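Chemist: Here's a structure for you.
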Amino acid sequence: MEKEIFTFEKIEYLYKNVSLEELSKESNFITEKIFSNKIWIRAIIEFSNYCENNCLYCGIRASNKKIKRYSLDDELILKTAKQAIDYGVKTIVLQSGESSFYSSATRICRLVEKIKKLDSEVAVTLSCGYFTKKELIDIRNSGADRYLLRFETADEDLYSFLKNGEPLSKRIEMLHNLRDIGFEVGSGFMVGLPNETDEVAVKNLLLCKELNLDMVGIGPFIPHPDTPLAEAKLAPFEKTLRAVAILRIMLPYSNIPATTAMGTVDPFGREKALQAGANVLMPIITPTEVRKYYLLYPNKICIYENGFECFKCLENRVKKIGKTLKFERGDSLNKKCNLQLQKV
Ligand code: 5AD
380 MEKEIFTFEK IEYLYKNVSL EELSKESNFI TEKIFSNKIW IRAIIEFSNY CENNCLYCGI
440 RASNKKIKRY SLDDELILKT AKQAIDYGVK TIVLQSGESS FYSSATRICR LVEKIKKLDS
500 EVAVTLSCGY FTKKELIDIR NSGADRYLLR FETADEDLYS FLKNGEPLSK RIEMLHNLRD
560 IGFEVGSGFM VGLPNETDEV AVKNLLLCKE LNLDMVGIGP FIPHPDTPLA EAKLAPFEKT
620 LRAVAILRIM LPYSNIPATT AMGTVDPFGR EKALQAGANV LMPIITPTEV RKYYLLYPNK
680 ICIYENGFEC FKCLENRVKK IGKTLKFERG DSLNKKCNLQ LQKV
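Per this note's numbering, the sequence shown starts with residue 380, numbered consecutively.
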């Protein structure tokens, strides 16, 4: 079969000129062919909101002194992970801010090893920011399977502006390191950042393809009142849905979550994303006492729910659109396909 080439012009045409309805028809056809009506779930534990970075968009940036900082102790993290595993969850995601103390490579390795001891079949995904290649090798050796690190925007200037001078190449290098070390690699971007042009939106999509991502997490940028971008505007949600649909067309086998940020800007945002090409949901299982402190953006949904209430809610929501939640590991079919290609 001839490999489809996605040029800038082609993606620009899809993004600017083809209706969401048309795009979704194509993306849904692909999603159903590959994933049938299954929605894979991953349970997220937001174990610490300490962060040493000062990203202009993010509510847990170091300079935000208005939030209470927390780091769950290992015991509580393990207890929460065990509850999820007993419930049938096969992927645990550990997410945190970037902190050389609360989210050090040593601590992460220890946590991964302990989760794997609870059940060696459970996949562990990390989303804890930047690490050196050496640290990532240690983390992989501790048993971690997958890593999420969004590139946030494919525009170098916008990226450096948002991250106080850091070059985009540093993130991209880490994504390549993750791939070399054998992780399933996840990345993605925010939709509607200030100064984002259609050209940047297209570059975002093309970068996901170029990186051949196993997982692509995207979501609308939501201005946080306690950040320098408080006065920025929220982009129309349709832009996010268009991006989801095009990503599915470009990366048929990748895992694409319907994210919490999508459910925050639109009460049916996640359902809409699942009907535009997404195939994954990531319910939050962070202990309820601290959920309200992990606010990267305002008005986040699910922060007052307890334990596994989110699973019940999602089960119903998914049923209403004719899909089924699946408690499977849901390893990347994209990675599997690439490994098979390499063997030939
Ligand atoms: N609005 C939407 N998403 C945000 N993130 C951080 N801050 C915001 C915001 N204000 C996203 C970033 C980050 C992920 C964990 O959350 O893309 O990588």
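We treat Cβ as the ideally placed atom computed from N, Cα and C, and that holds for glycine. These numbers come from a predicted model, not from an experiment.
Tell me, which residues are paired with Pro636 by DSSP?
Modeler: Paired residue(s): Val659.
Chemist: If Ser521 sits next to Glu492, beta carbons under 8 Å apart, how far is it from one beta carbon to the other, in whole angstroms?
Modeler: About 5 Å; that satisfies the 8 Å criterion.
Chemist: Is it the case that the Cβ atoms of Ala460 and Ile439 are separated by a distance below 8 Å?
Modeler: Cβ atoms of Ala460 and Ile439: not closer than 8 Å.
Chemist: Once DSSP output is grouped into helix, strand and coil, what is the label at Glu454?
Modeler: Reduced to three states, the DSSP call for Glu454 is helix.
Chemist: Report the residue ranges of all beta strand (DSSP E) runs contained in full by the stretch 523-550; include only those spanning at least 3 residues, in chain order.
Modeler: Taking only runs of at least 3 residues, the beta strand (DSSP E) segments lying wholly in the stretch 523-550 are 525-527.
Chemist: Of the residues Lys417, Gly565 and Lys447, which one's Cα is nearest the Cα of Cys507?
Modeler: Closest by alpha carbon: Gly565.
Chemist: By Cβ distance, which residues of its chain are closer than 6 Å to Met380, with the 5 residues on each side in sequence left out?
Modeler: Note that Met380 has pLDDT 46, beneath the 50 cutoff, so the model's placement of it is unreliable and no number is given.
Chemist: Just to confirm before moving on: does the CB-CB distance between Ile423 and Leu704 stay below 8 Å?
Modeler: Result no, Cβ atoms of Ile423 and Leu704 do not sit closer than 8 Å.
Chemist: Should Glu578 go down as buried or exposed, given a rule of 16 or more other Cβ atoms within 10 Å for buried?
Modeler: Exposed, since its Cβ has fewer than 16 Cβ neighbours within 10 Å.
Chemist: If you follow the beta strand (DSSP E) that Gly565 is part of, which residue opens it and which one closes it?
Modeler: Note, Gly565: beta strand (DSSP E), Glu563 to Ser566.
Chemist: Specify the secondary structure class of Val397 as computed by DSSP and reduced to three states.
Modeler: It is coil, neither helix nor strand.
Chemist: How should Lys582 be labelled, buried or exposed, when 16 other C-beta atoms within 10 angstroms of its C-beta is the threshold for buried?
Modeler: Counting Cβ neighbours within 10 Å, Lys582 comes out buried, since at least 16 surround it.
Chemist: Looking at C-alpha atoms only, which residue of Ala657, Lys679 and Lys651 is the closest neighbour of Ser415?
Modeler: Among Ala657, Lys679 and Lys651, the Cα nearest to that of Ser415 is on Ala657.
Chemist: Per DSSP, which residues does Gly598 bridge with? Please list them.
Modeler: Answer by DSSP bridge pairing, in chain order: Met569.
Chemist: Considering only heavy atoms of the ligand ZN, does any lie closer than 7 Å to the CB of Ala640?
Modeler: Among the ligands modelled here, namely the ligand 5AD, the ligand ZN does not occur.
Chemist: Quick one, are the C-beta atoms of Thr639 and Cys692 less than 8 Å apart?
Modeler: No, the Cβ-Cβ distance between Thr639 and Cys692 is not below 8 Å.
Chemist: Is it buried or exposed, Gly467, if we count other Cβ atoms within 10 angstroms and call 16 or more buried?
Modeler: Burial call: exposed.
Chemist: Residues in the same chain with beta-carbon distance under 7 Å from Glu694, minus the five sequence neighbours each way, listed in chain order, please.
Modeler: Closer than 7 Å at Cβ, skipping near neighbours: Leu704.
Chemist: At a threshold of 7 Å, does Tyr436 count as lining the ligand 5AD (C-beta to nearest heavy atom)?
Modeler: Yes; taking the cut-off as 7 Å, the Cβ of Tyr436 has a heavy atom of the ligand 5AD nearer than that.
Chemist: Grouping DSSP H, G and I as helix and E and B as strand, with all else coil, what is Val579?
Modeler: Of the three classes helix, strand and coil, the one that applies to Val579 here is helix, per DSSP.
Chemist: Sorted by chain position, which residues of the same chain lie with C-beta nearer than 7 Å to Phe706's C-beta, five sequence neighbours on each side aside?
Modeler: Around Phe706: Ile420, Gly467, Val468 and Lys469.
Chemist: Closest to Ala484 by C-alpha separation, out of Gly571, Ile518 and Leu592, would be which residue?
Modeler: Comparing Cα positions, the closest option is Ile518.
Chemist: Could you check which residue in Thr665, Met594, Gly571 and Thr576 has the C-alpha nearest to that of Leu620?
Modeler: Here the closest residue by C-alpha is Gly571.
Chemist: Do you know whose CA, among Leu626, Ala609 and Glu617, lies nearest Lys389's CA?
Modeler: Closest by alpha carbon: Leu626.
Chemist: How should Asn634 be labelled, buried or exposed, when 16 other C-beta atoms within 10 angstroms of its C-beta is the threshold for buried?
Modeler: When all chains shown are included, Asn634 counts as buried.
Chemist: In terms of residues, what are the limits of the alpha helix (DSSP H) holding Phe616?
Modeler: Phe616 to Met629 is the span of the alpha helix (DSSP H), which, as asked, contains Phe616.
Chemist: Looking at the strands, I want to know which residues DSSP matches up with Ser475.
Modeler: Paired residues: Ser427.
Chemist: Considering only residues of the same chain and omitting the five flanking positions on each side of Met629, which have a CB-CB separation below 6 Å?
Modeler: Cβ neighbours of Met629 beyond the five flanking positions: Phe385 and Lys588.
Chemist: Is the closest heavy atom of the ligand 5AD to the C-beta of Glu531 under 7 Å?
Modeler: True, at least one ligand heavy atom lies under 7 Å from that Cβ.
Chemist: Skipping 5 residues on each side, what residues in its chain have a beta carbon closer than 6 Å to that of Asn713?
Modeler: Cβ neighbours of Asn713 beyond the five flanking positions: Asp593, Tyr632 and Ser633.
Chemist: Under a three-way DSSP split, which group does Lys469 fall into?
Modeler: DSSP places Lys469 in coil when its eight states are reduced to three.
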